[in-house]
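Number of protein chains: 2
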Amino acid sequence: MEDKFSFAKQLIKEASLFIKNRMQDNLSVQIKSNYDDLVTNVDQETQDMMIKRILEHFPDDHILAEEDDVRHPISDGNVWVIDPIDGTVNFIVQRNHFAIMLSYFENGIGQFGLIYDVMNDQLLSGGGSYDVHLNDFTIERYHSKPLDRSLIACNSGMYLTNDKGVGNLIKHSLGVRIYGGAGISMMKVMTGELLAYISYIQPWDYAAAMVLGEKLGYVLLTLEGEKPDFETREKVIFLPECELEMIKNYLFK
Amino acid sequence: MEDKFSFAKQLIKEASLFIKNRMQDNLSVQIKSNYDDLVTNVDQETQDMMIKRILEHFPDDHILAEEDDVRHPISDGNVWVIDPIDGTVNFIVQRNHFAIMLSYFENGIGQFGLIYDVMNDQLLSGGGSYDVHLNDFTIERYHSKPLDRSLIACNSGMYLTNDKGVGNLIKHSLGVRIYGGAGISMMKVMTGELLAYISYIQPWDYAAAMVLGEKLGYVLLTLEGEKPDFETREKVIFLPECELEMIKNYLFK
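Listed in order, the protein sequences are those of chains G and Z.
Residue numbers for the first sequence follow our numbering, beginning at 133 and rising by one.
Residue numbers for the second sequence follow our numbering, beginning at 133 and rising by one.
The structure is reproduced here in structure tokens:
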């Protein structure tokens with residue numbers, strides 16, 4: 133397994149160099165489902181490059197990835213989950229504040245996860261049998277903090293409409309933050325900058341954070357309080373497991 | 133003047149070291165006007181240190197600063213404007229994403245401004261007769277971008293209530309971002325990551341950005357389209373001057 137984890141850390145750095153090089157050129161931007169659901173040629177090329185490298189090294193493994201409907205079921209065999217650029221709007225507009233996410237599962241059990249904030253060179257890696265590190269620095273398990281001394285990151289639309297009561301929770305915190313990326317937001321949960329992250333996201337948006345978070349005392353649940361299905365887009369919260377009882381005062385109703 | 137600008141750059145780095153050292157200790161947090169309007173002992177001590185250093189070097193100059201009602205009128209003589217820690221909630225909760233802001237005015241005319249993102253070591257400095265730099269990198273004047281390919285940062289409460297129509301503007305952009313600090317948000321406007329920043333803020337929150345922004349093609353106006361008064365808390369927008377006509381389709385009504 134050490135071999136695959138080392139390979140993953142090397143691959144994610146390689147993918148980041150690939151993205152940085154391609155950022156010099158003009159981006160070709162396409163609309164997917166929605167005016168703000170965008171994809172660029174760099175998303176697709178980066179995913180292709182990552183899949184090619186994984187299958188060269190591990191030809192019997194499978195892939196679940198964002199672009200081009202690459203959707204191997206998470207519970208079947210050795211599965212790599214790839215989000216080549218998470219926070220595509222930030223990537224296009226800000227040229228900053230986006231992440232590459234990669235994780236590896238065996239028969240549905242997360243073995244390790246990686247989230248890499250490319251432009252700020254912050255790699256969160258670990259989970260499964262590996263300690264979680266931010267670059268070379270070991271991340272500690274969550275220690276309880278009061279809600280009214282904490283910040284919560286949220287999808288802007290869900291915040292605006294108080295979707296499923298998320299605004300009621302946020303109202304009792306110190307405030308909301310909106311960063312525009314699942315990867316960078318959940319990294320901020322795990323480094324202690326945020327208490328929780330709430331959004332409407334896909335399996336490749338949450339897979340790496342789930343594996344990393346489990347090691348540190350965090351869980352990812354749907355807003356019905358269930359495990360996510362790893363198949364569809366769902367409204368989820370990523371939060372410390374020991375705060376679940378407190379959060380139930382506001383959500384899961 | 134070169135002397136005062138060099139002094140200011142040195143002082144802001146000194147203040148940042150002071151803050152980083154004091155962050156090792158427990159913070160003493162106090163509530164000002166509101167549950168989320170907080171001040172720490174470090175805010176006050178940093179301001180005291182900065183005022184002391186300015187008056188040692190320039191004993192005839194005056195101060196307009198956040199804490200302790202230090203409020204010399206901006207239009208009278210040589211005035212230094214200080215915000216020792218902008219984004220105090222981020223400072224307390226995240227230990228990150230806050231800024232020191234410093235600017236200098238002569239009879240109401242901005243001579244230079246500085247915004248320093250302490251933990252990420254990003255210093256935006258210049259304005260007046262000085263080019264604007266981000267650390268050693270020269271920042272260029274704003275180049276026009278379409279609203280629907282831009283992001284806007286906004287105060288969370290104003291976004292939630294569509295205060296003065298800000299939500300209508302944001303709805304026609306690619307999305308909203310909420311970072312929790314005027315300084316770091318307006319720095320992102322000037323580096324091109326955001327089109328505009330909207331909030332309800334005080335003179336020390338906007339003085340430095342106004343001086344820096346003027347050099348780069350940005351203006352700071354109230355949501356009535358007027359110049360700010362440098363005396364009271366006002367609802368303002370910081371945006372590219374050449375986009376004013378476009379913005380008038382949504383605001384200033």
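Every residue gets a Cβ at the ideal spot worked out from N, C-alpha and C, and that includes glycine.
Being a predicted model, the structure only gives us computed values, none of them experimental.
1. My understanding is that Z:A339 touches Z:S207, with C-beta atoms under 8 Å, so please give their C-beta distance in whole angstroms.
2. Would you check if the stretch 271 to 283 of chain Z and the stretch 237 to 251 of chain Z touch, i.e. whether three or more CB-CB distances between them fall below 8 Å?
3. Starting from G:D168, find everything on chain Z with Cβ-Cβ shorter than 8 Å and list it in chain order.
4. In whole angstroms, what is the alpha-carbon distance linking G:V171 and Z:A147?
5. Any contact of the stretch 137 to 147 of chain Z with the stretch 339 to 349 of chain G, i.e. 3+ C-beta pairs under 8 Å?
6. In the DSSP assignment, the beta strand (DSSP E) including G:S235 goes from what residue to what residue?
7. Applying the 10 Å Cβ sphere with the 16-neighbour rule, what's the burial state of G:S165?
8. Under 9 Å Cβ-Cβ, which residues of chain Z neighbour G:L371?
9. Output yes or no for whether 8 Å exceeds the beta carbon distance between Z:I224 and Z:V161.
10. Take the Cβ of Z:S315 as the centre, count every other Cβ of all protein chains shown within 10 Å, and call the residue buried at 16 or more, exposed below.
11. Are the CB atoms of G:L353 and G:I330 within a distance shorter than 8 Å?
12. Could you check what DSSP says for G:L376 in three-state terms: helix, strand or coil?
13. Can you have a look at G:M318 and say buried or exposed, based on whether 16 or more other CB atoms are within 10 angstroms of its CB?
14. Nearest by alpha-carbon distance to Z:H304: which of Z:L383, Z:K152 and Z:S261 is it?
15. Under 8 Å between the Cβ atoms of Z:M322 and Z:I271?
16. Is the distance from the Cβ of Z:N173 to the Cβ of Z:D193 below 8 Å?
17. Going along the chain, which residues of its own chain have a beta-carbon closer than 6 Å to the beta-carbon of G:N300, five neighbours each way excluded?
18. Could you say which of G:I151, G:D263 and G:G289 lies nearest to G:D215 if we only look at CA atoms?
19. Does Z:E311 come within less than 8 Å of chain G when only Cβ atoms are used?
20. Which value, in whole angstroms, describes the spacing of the CA atoms of G:N158 and G:R227?
21. Does any C-beta atom of chain G lie closer than 8 Å to the C-beta of Z:V225?
22. Is G:F237 closer than 8 Å to G:V202 when the C-beta atoms are compared?
23. How far does the alpha helix (DSSP H) with Z:F150 in it extend, from its first residue to its last?
Quick look at the numbers:
1. So it is not a contact: roughly 12 Å between Cβ atoms.
2. no
3. L306 and G307
4. Cα-Cα distance, rounded: 42 Å.
5. No contact exists between the stretch 137 to 147 of chain Z and the stretch 339 to 349 of chain G.
6. A231 to E238
7. exposed
8. None at all; the shortest Cβ gap to chain Z is about 15 Å.
9. yes
10. In the sequence as presented, Ser is not what sits at residue 315 of chain Z; that position holds Gly. Under this definition Z:G315 is a buried residue.
11. no
12. Note: G:L376 maps to helix in three-state DSSP.
13. buried
14. With distances taken between Cα atoms, Z:H304 lies closest to Z:L383.
15. yes
16. In terms of Cβ geometry, Z:N173 and Z:D193 do not form a close pair [threshold 8 Å].
17. Apart from sequence neighbours up to five positions away, the residues of its chain that approach G:N300 with a beta-carbon distance below 6 Å are Y382, ordered along the chain.
18. G:I151
19. Reading off the sequence shown, one finds Tyr at residue 311 of chain Z, where the question assumed Glu. Yes, because at least one Cβ of chain G sits closer than 8 Å to the Cβ of Z:Y311.
20. 12 Å
21. yes
22. no
23. Element bounds for Z:F150: E134 to M155.
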